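Residue numbers (the numbering used here), protein chains in the order written: chain A, 10 to 324; chain B, 10 to 324; chain C, 10 to 324.
Just so it is clear, CB atoms sit at the ideal spot from N, CA and C, and this is done for glycine as well.
Everything numeric in this text was worked out from a predicted model, so none of it was measured.
Here the structure is laid out as structure tokens; the discussion comes afterwards.
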Amino acid sequence: MKRFLKVEDIGDLNAAVKEALSLKQNPYAHQHLGKNKTIVLIFFNSSLRTRLSTQKAAMNLGMNVMVLDINKDGWKLESELGVVMDGDKPEHIREAVPVIGQYCDIIGVRSFAQFENKEDDYSEKILNQFIELSGKPVISLESATRHPLQSFADLITIEEHKTKARPKVVLTWAPHPRALPQAVPNSFVEWMKNADVEFVVTHPKGYELAPEFMEGVTVEYDQKKAFEGADFIYAKNWASYTEYGQILSKDTSWTVDEAHMAWTNNAKFMHCLPVRRNMIVTDGVIESPNSIVIQEAANRVFSAQTVIKRMLESI
Amino acid sequence: MKRFLKVEDIGDLNAAVKEALSLKQNPYAHQHLGKNKTIVLIFFNSSLRTRLSTQKAAMNLGMNVMVLDINKDGWKLESELGVVMDGDKPEHIREAVPVIGQYCDIIGVRSFAQFENKEDDYSEKILNQFIELSGKPVISLESATRHPLQSFADLITIEEHKTKARPKVVLTWAPHPRALPQAVPNSFVEWMKNADVEFVVTHPKGYELAPEFMEGVTVEYDQKKAFEGADFIYAKNWASYTEYGQILSKDTSWTVDEAHMAWTNNAKFMHCLPVRRNMIVTDGVIESPNSIVIQEAANRVFSAQTVIKRMLESI
Amino acid sequence: MKRFLKVEDIGDLNAAVKEALSLKQNPYAHQHLGKNKTIVLIFFNSSLRTRLSTQKAAMNLGMNVMVLDINKDGWKLESELGVVMDGDKPEHIREAVPVIGQYCDIIGVRSFAQFENKEDDYSEKILNQFIELSGKPVISLESATRHPLQSFADLITIEEHKTKARPKVVLTWAPHPRALPQAVPNSFVEWMKNADVEFVVTHPKGYELAPEFMEGVTVEYDQKKAFEGADFIYAKNWASYTEYGQILSKDTSWTVDEAHMAWTNNAKFMHCLPVRRNMIVTDGVIESPNSIVIQEAANRVFSAQTVIKRMLESI
Numbered sequence: 010m011k012r013f014l015k016v017e018d019i020g021d022l023n024a025a026v027k028e029a030l031s032l033k034q035n036p037y038a039h040q041h042l043g044k045n046k047t048i049v050l051i052f053f054n055s056s057l058r059t060r061l062s063t064q065k066a067a068m069n070l071g072m073n074v075m076v077l078d079i080n081k082d083g084w085k086l087e088s089e090l091g092v093v094m095d096g097d098k099p100e101h102i103r104e105a106v107p108v109i110g111q112y113c114d115i116i117g118v119r120s121f122a123q124f125e126n127k128e129d130d131y132s133e134k135i136l137n138q139f140i141e142l143s144g145k146p147v148i149s150l151e152s153a154t155r156h157p158l159q160s161f162a163d164l165i166t167i168e169e170h171k172t173k174a175r176p177k178v179v180l181t182w183a184p185h186p187r188a189l190p191q192a193v194p195n196s197f198v199e200w201m202k203n204a205d206v207e208f209v210v211t212h213p214k215g216y217e218l219a220p221e222f223m224e225g226v227t228v229e230y231d232q233k234k235a236f237e238g239a240d241f242i243y244a245k246n247w248a249s250y251t252e253y254g255q256i257l258s259k260d261t262s263w264t265v266d267e268a269h270m271a272w273t274n275n276a277k278f279m280h281c282l283p284v285r286r287n288m289i290v291t292d293g294v295i296e297s298p299n300s301i302v303i304q305e306a307a308n309r310v311f312s313a314q315t316v317i318k319r320m321l322e323s324i
Numbered sequence: 010m011k012r013f014l015k016v017e018d019i020g021d022l023n024a025a026v027k028e029a030l031s032l033k034q035n036p037y038a039h040q041h042l043g044k045n046k047t048i049v050l051i052f053f054n055s056s057l058r059t060r061l062s063t064q065k066a067a068m069n070l071g072m073n074v075m076v077l078d079i080n081k082d083g084w085k086l087e088s089e090l091g092v093v094m095d096g097d098k099p100e101h102i103r104e105a106v107p108v109i110g111q112y113c114d115i116i117g118v119r120s121f122a123q124f125e126n127k128e129d130d131y132s133e134k135i136l137n138q139f140i141e142l143s144g145k146p147v148i149s150l151e152s153a154t155r156h157p158l159q160s161f162a163d164l165i166t167i168e169e170h171k172t173k174a175r176p177k178v179v180l181t182w183a184p185h186p187r188a189l190p191q192a193v194p195n196s197f198v199e200w201m202k203n204a205d206v207e208f209v210v211t212h213p214k215g216y217e218l219a220p221e222f223m224e225g226v227t228v229e230y231d232q233k234k235a236f237e238g239a240d241f242i243y244a245k246n247w248a249s250y251t252e253y254g255q256i257l258s259k260d261t262s263w264t265v266d267e268a269h270m271a272w273t274n275n276a277k278f279m280h281c282l283p284v285r286r287n288m289i290v291t292d293g294v295i296e297s298p299n300s301i302v303i304q305e306a307a308n309r310v311f312s313a314q315t316v317i318k319r320m321l322e323s324i
Numbered sequence: 010m011k012r013f014l015k016v017e018d019i020g021d022l023n024a025a026v027k028e029a030l031s032l033k034q035n036p037y038a039h040q041h042l043g044k045n046k047t048i049v050l051i052f053f054n055s056s057l058r059t060r061l062s063t064q065k066a067a068m069n070l071g072m073n074v075m076v077l078d079i080n081k082d083g084w085k086l087e088s089e090l091g092v093v094m095d096g097d098k099p100e101h102i103r104e105a106v107p108v109i110g111q112y113c114d115i116i117g118v119r120s121f122a123q124f125e126n127k128e129d130d131y132s133e134k135i136l137n138q139f140i141e142l143s144g145k146p147v148i149s150l151e152s153a154t155r156h157p158l159q160s161f162a163d164l165i166t167i168e169e170h171k172t173k174a175r176p177k178v179v180l181t182w183a184p185h186p187r188a189l190p191q192a193v194p195n196s197f198v199e200w201m202k203n204a205d206v207e208f209v210v211t212h213p214k215g216y217e218l219a220p221e222f223m224e225g226v227t228v229e230y231d232q233k234k235a236f237e238g239a240d241f242i243y244a245k246n247w248a249s250y251t252e253y254g255q256i257l258s259k260d261t262s263w264t265v266d267e268a269h270m271a272w273t274n275n276a277k278f279m280h281c282l283p284v285r286r287n288m289i290v291t292d293g294v295i296e297s298p299n300s301i302v303i304q305e306a307a308n309r310v311f312s313a314q315t316v317i318k319r320m321l322e323s324i
């Protein structure tokens with residue numbers, strides 16, 4: 010396994026979830042794989058869950074871990090060719106990335122959408138330069154368009170908590186004060202399309218996700234109809250794709266409260282975290298017994314560990 | 010041992026000091042305890058000694074260590090319920106803390122007094138939420154009202170350097186340009202009250218520490234009288250408790266210089282560090298052979314290691 | 010080996026390079042040396058290569074590593090005696106350094122030239138206080154006047170890529186938008202003078218390096234003449250030594266492009282990185298097969314590992 014950027018990279022989802030749950034039972038059983046192997050985690054953006062859970066996953070496998078905050082510990086990086094570098098960027102990504110590749114066996118990279126230019130974000134310029142130039146397996150720790158470690162952990166969590174073979178899973182938009190990337194919902198759509206679930210996406214008009222993700226996915230603009238019969242409610246805010254990076258609504262009638270949850274089939278509540286309480290979801294819902302956000306976060310270790318283990322096996 | 014916040018948590022002080030000195034002799038003898046165990050150190054405030062010494066203690070015990078600077082590496086955290094989170098805090102402590110608890114076996118937390126509100130600080134809101142919500146043993150790396158790893162290291166240092174069974178220990182206020190929390194003096198008082206020492210506190214009027222710490226403790230407002238016969242001088246600045254967080258005096262006649270030390274019984278000089286030279290203590294005193302501030306800092310490893318070892322044993 | 014600050018500290022260069030290349034073949038063969046040993050890496054200035062490569066080297070040897078960013082994770086440090094510390098520096102280096110020494114077995118320090126005062130920089134005040142006060146072996150991770158781990162890696166790289174017994178090595182100044190320290194060129198001069206190479210330095214008038222480094226070294230002000238017959242071109246910018254810290258020229262006729270490289274004996278191109286493209290060197294040259302900057306960066310692990318190994322052997 011040479012890269013983990015999207016759902017296709019993990020292969021059969023049932024096998025992947027099974028492997029993750031097996032690692033959850035025996036997290037320290039594969040430490041021979043990581044001996045004298047090093048993972049470098051590069052953060053262009055800040056992180057709590059991803060930083061700690063990926064570090065933990067790598068340590069569970071016996072690896073050494075180095076964390077680097079680019080733009081803070083290190084340098085700002087130029088990524089264009091032909092630039093006379095007389096400004097604030099002292100290093101080119103075409104040197105920085107292969108150098109980092111010399112110091113490790115696996116690289117994890119977090120680089121969010123910048124919302125300056127849709128084409129730049131959706132072409133995954135930063136991530137692709139790591140793949141092209143590092144010479145090492147690359148794990149996305151959330152890129153401009155996807156957050157696959159999160160979606161994999163979401164799927165593991167659904168598998169653990171489902172009470173029927175084919176549960177109904179609803180991704181619902183919810184309001185937020187800031188413009189947030191589409192990485193988490195894009196990725197969740199991608200994974201749910203490939204999972205054995207009934208999947209519905211609901212959001213106000215104008216919040217349609219990118220067509221390349223949504224092909225064949227059911228969209229229900231009426232949030233109540235979407236919630237009916239749901240076994241899992243997955244809430245998330247995102248900014249508009251069509252009016253790229255814009256906030257079109259802060260309509261708090263979309264906030265997931267007890268009344269919304271009453272429309273469902275006693276659904277579990279999920280969110281990738283961090284979550285803005287009383288914007289995305291009320292205190293009451295997120296603290297209810299049906300909220301599984303902490304279990305979901307806990308599974309971030311095992312989605313990461315499955316991916317890293319497969320990479321170690323292929324080195 | 011499920012928490013280490015105050016002197017009561019360590020139990021018998023003689024036994025604790027003995028165990029620490031034994032670990033100092035054989036720091037690597039208990040690495041089986043920490044194998045595949047992880048400690049997360051959370052810093053809401055910056056740190057040099059605590060960060061390095063606690064990390065070292067955990068590594069001596071064979072643990073994995075992850076360090077997280079909240080407000081910098083991570084996010085600002087909301088701690089109130091019922092808040093519509095549409096401001097600058099993207100995450101609630103009621104999610105962040107249980108999530109961190111999923112990624113480790115022991116949590117260390119540093120969270121200083123904010124000096125905005127005495128009741129908030131003295132109720133230890135942040136630390137108590139870690140205890141309530143993390144599901145894991147919690148070590149204070151200095152809280153709003155106490156710094157128990159420091160006081161434990163101080164006690165070890167006194168035990169190593171005392172030349173009589175029951176030495177006289179004096180805690181003296183000294184001037185400082187900034188308003189400093191009462192955590193170190195509160196904690197030192199709490200530990201000395203429980204130790205086999207003659208204990209006196211001296212400070213200008215208006216600098217009385219919180220009554221719940223000072224019950225039964227001798228206060229001598231005349232610094233010279235307090236110093237007479239002292240075997241250990243423990244200097245520290247703190248801001249006023251009664252006029253909460255205020256600087257009432259920068260009187261440099263309280264600075265510990267050679268003349269002050271001449272009043273004592275050839276006392277050792279102690280300070281938790283960092284120390285403002287020529288405000289708290291003169292260059293001459295802190296560089297004298299009677300200064301044991303470096304030995305005191307070195308013992309931070311073994312106070313931390315004793316606490317972490319006991320927690321590992323109880324997991 | 011108690012310190013590594015300059016070329017004299019490593020002893021015989023041929024033996025050192027041979028040891029480094031042997032470690033490159035078997036990086037994990039000496040992990041018994043580092044067991045239960047800790048290195049602390051202190052950065053007063055930011056770092057990518059040095060941080061990651063030194064950490065990797067220490068982990069290859071089985072050590073524990075702690076990284077501390079002073080001025081950021083920790084505190085600003087006072088370094089003068091007699092100062093009444095009532096300003097923005099809460100700690101004196103005469104406490105901080107011996108305390109850090111208590112928590113580790115080896116210390117690495119990065120502290121750049123400040124360009125405020127030539128005498129201060131060239132007296133290596135910060136580094137020398139670590140040597141004087143820490144009580145532990147000290148490795149320069151780039152000081153005000155030298156970058157010996159870089160120069161050692163450069164020498165290893167030349168040894169690997171040379172095609173004749175005594176290659177011609179040219180250090181050339183090149184333009185840059187900011188005032189850069191002389192540490193890398195000083196150090197490179199120092200190592201090349203002691204290596205079995207024909208060595209020439211070329212730069213515009215006014216960019217003469219400090220006399221104590223340049224004694225006996227050939228300077229050729231005509232860049233073309235210097236490049237003729239060169240087997241290795243080592244490009245680097247530096248600010249003026251005589252007009253200390255000033256930028257006297259940004260003359261891009263000194264930028265190393267294909268035409269410059271055509272003057273050489275099919276020379277390899279070297280640079281310590283980070284490099285400003287199209288200021289120091291063109292995209293074309295740095296991406297050409299003759300560019301060995303990535304291999305050079307990779308050797309940073311093995312220069313560091315050789316030094317740390319020798320220090321561990323002498324503890």
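For Glu305 (chain A) and Ala162 (chain A), I'd like the C-alpha separation in whole angstroms.
6 Å
Check the C-beta distance from Leu50 (chain A) over to Val106 (chain A) and give it rounded, since I have them as a contact under 8 Å.
With a Cβ gap of about 14 Å, Leu50 (chain A) and Val106 (chain A) do not count as contacting.
Look up Val74 (chain C) in the DSSP assignment and give the residues it is bridged to.
C:Ile48
Look at the Cβ atom of Ile79 (chain A), then the Cβ atom of Phe52 (chain A), and state whether they are nearer than 8 Å.
yes
Reduced DSSP category for Ile85 (chain B) - H, G, I as helix; E, B as strand; rest coil:
Here residue 85 (chain B) is Lys; the residue named in the question, Ile, does not match the sequence. Reduced to three states, the DSSP call for Lys85 (chain B) is coil.
Mind listing the chain C neighbours of Val316 (chain A)? Cutoff is C-beta to C-beta under 9 Å, in chain order.
What Val316 (chain A) touches in chain C: nothing, since even the nearest Cβ is about 22 Å away.
For Gly144 (chain B), which beta-bridge partners are listed by DSSP?
DSSP lists no partner for Gly144 (chain B).
Whole alpha helix (DSSP H) runs in the stretch 92-120 of chain C with 4 or more residues, listed along the chain?
102-111
Which residue spans inside the stretch 132-201 of chain C form an unbroken alpha helix (DSSP H) run of at least 4?
134-142 and 157-170
Looking at the C-beta of Val92 (chain B), does it have a partner C-beta in chain A at a distance below 8 Å?
yes
So for Ser31 (chain C), helix, strand or coil by DSSP?
helix
Lys245 (chain A) and Leu180 (chain A) - do their beta-carbons sit closer together than 8 Å?
yes
For Lys277 (chain C), write down the residues that DSSP places opposite it in a beta bridge.
C:Phe241
Positions along the stretch 268-298 of chain C whose CB lies within less than 7 Å of some CB in chain B
none
CB contact check: Met72 (chain C) to chain B, cutoff 8 Å
no
What are the boundary residues of the beta strand (DSSP E) that Glu217 (chain B) is part of?
Careful: Glu217 (chain B) lies outside any beta strand (DSSP E) and carries neither H nor E.
Within-8 Å CB hit, Met68 (chain B) to chain A:
no
Touch test, the stretch 121-134 of chain C against the stretch 264-283 of chain C, Cβ-Cβ under 8 Å, three pairs minimum:
no
Under a three-way DSSP split, which group does Asn23 (chain C) fall into?
helix
Assumed close pair Gly20 (chain B), Gln40 (chain B) - CB separation to whole angstroms, cut-off 8 Å
Their Cβ separation, rounded to whole angstroms, is 24 Å, which puts Gly20 (chain B) and Gln40 (chain B) out of contact at 8 Å.
Any beta-carbon of chain B closer than 8 Å to the one on Gln191 (chain A)?
no
Kindly list, in the order they appear in chain B, the residues whose Cβ is closer than 7 Å to that of Gln138 (chain A).
Neighbours of Gln138 (chain A) on chain B: none; closest Cβ ~24 Å, over 7 Å.
Just to check my reading of the structure: Ile1 (chain B) and Asp114 (chain B) have Cβ atoms closer than 8 Å, yes? What is that Cβ distance to the nearest angstrom?
No statement about residue 1 (chain B) is possible, as the shown extent of chain B runs from 10 to 324 and does not include it.
Tell me, to the nearest whole angstrom, how far the beta carbon of Thr47 (chain B) is from that of Met75 (chain B); I am working on the premise that it is less than 8 Å.
7 Å
Leaving out five residues before and five after Gly83 (chain B) in sequence, what residues of the same chain have Cβ atoms less than 7 Å from its Cβ?
Confidence is the limiting factor: at Gly83 (chain B) the pLDDT is only 46, short of 50, which leaves the residue's position unreliable and the question unanswerable from this model.
Return the Cβ separation of Tyr112 (chain C) and Lys65 (chain B) in integer angstroms, given the expectation that the two are a contact with Cβ distance under 8 Å.
5 Å
Measure how close the beta-carbons of Gln123 (chain B) and Thr154 (chain B) come, nearest whole angstrom, since I'm counting them as under 8 Å.
About 12 Å; that fails the 8 Å criterion.
Please confirm whether Phe311 (chain A) and Ile109 (chain A) have their CB atoms less than 8 Å apart.
no
In chain B, what lies closer than 8 Å to Tyr37 (chain A) by C-beta?
Asn45
What residue range is occupied by the uninterrupted alpha helix (DSSP H) comprising Thr59 (chain C)?
Arg58 to Asn69
Under the assumption that Met288 (chain A) contacts Asp95 (chain B) (Cβ atoms under 8 Å), give the Cβ distance between them as a whole number of angstroms.
6 Å
Helix, strand or coil: which one does DSSP assign to Phe13 (chain C)?
strand
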